[in-house]
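**Student:**
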Amino acid sequence: MEQQLESQVTITCNPRYMYAGFWLRVLARFIDGIILCISEVILGASLGAAIAFIGGGRGGEIWLSALAGAYLGMYVLGIIAGWLYYTILESSPLQATLGKKAMGIYVTDLNGGRISFGRANGRYWSKIISFMTLGIGFIMAGFTQKKQALHDFIAGTLVKRK
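Residue numbers (my numbering): -5 to 156.
#1: Does the contact criterion of 3 or more C-beta pairs under 8 Å hold for the stretch 63 to 74 versus the stretch 14 to 26?
#2: Tell me the rounded alpha-carbon separation between E34 and L104.
#3: Can you find at least 3 beta carbon pairs, one from the stretch 111 to 120 and one from the stretch 74 to 81, that sit closer than 8 Å?
#4: In this structure, does DSSP put I99 in helix, strand or coil?
#5: Please list the segments of the beta strand (DSSP E) lying wholly inside the stretch 108 to 155, counting only runs of 3 or more residues, in order along the chain.
#6: Considering only residues of the same chain and omitting the five flanking positions on each side of A39, which have a CB-CB separation below 6 Å?
#7: Tell me which residues share the same chain as R155 and place their Cβ nearer than 8 Å to its Cβ, disregarding the 5 neighbours each side in the sequence.
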């Protein structure tokens, strides 16, 4: 009599590991911050130089107007550049900022699809609410089941690992 042994292999997928946690997101944000800071300084300095040149100040006045222009330029362009950087890149086929890409993470909707420009826009501006909660909105990404921060809940997004 011959016995047949049957074995069953069960493969389980722990969905917890496909989401990007708090520290990966912090490192991605750090990289993005460096990229944005460098670009804002270059843009702000260029704007300041242009204002000083156009203003035609004399002596010390030219440096003062250049400094004021650079500060104003970095502030205004910083807001616009940050908004466009996150919104365009996260809604692009890349689905990630350069920092997220470097960390191997990307942004999706709740079904795993690419987010629209409108959803990316909502996600970006709802980070203000995450910040206003003394940062607790960001820290939530370390403790929620799908590693969502408050702005992810608001926008209906997930940040996943590749």
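In this text, a Cβ means the ideal position worked out from N, Cα and C, and glycines have one as well.
**Tutor:** So, from the data block:
#1: No, the stretch 63 to 74 does not touch the stretch 14 to 26.
#2: Counting from 1 along the sequence shown, the entry for residue 34 is found at position 40. Counting from 1 along the sequence shown, the entry for residue 104 is found at position 110. Computed Cα separation, rounded: 33 Å.
#3: Contact between the stretch 111 to 120 and the stretch 74 to 81 is present, because at least three Cβ pairs lie under 8 Å.
#4: What you label residue 99 is simply residue 105 of the sequence shown in a count that begins at 1. If DSSP states are grouped into helix, strand and coil, I99 belongs with the strands.
#5: 151 to 155
#6: Counted from its first residue, the sequence shown places residue 39 at position 45. Here the set comprises A64.
#7: In the sequence shown, counting from the first residue as 1, residue 155 sits at position 161. Cβ neighbours of R155 beyond the five flanking positions: Y11, M12, Y13, A14, L18, G98 and I99.
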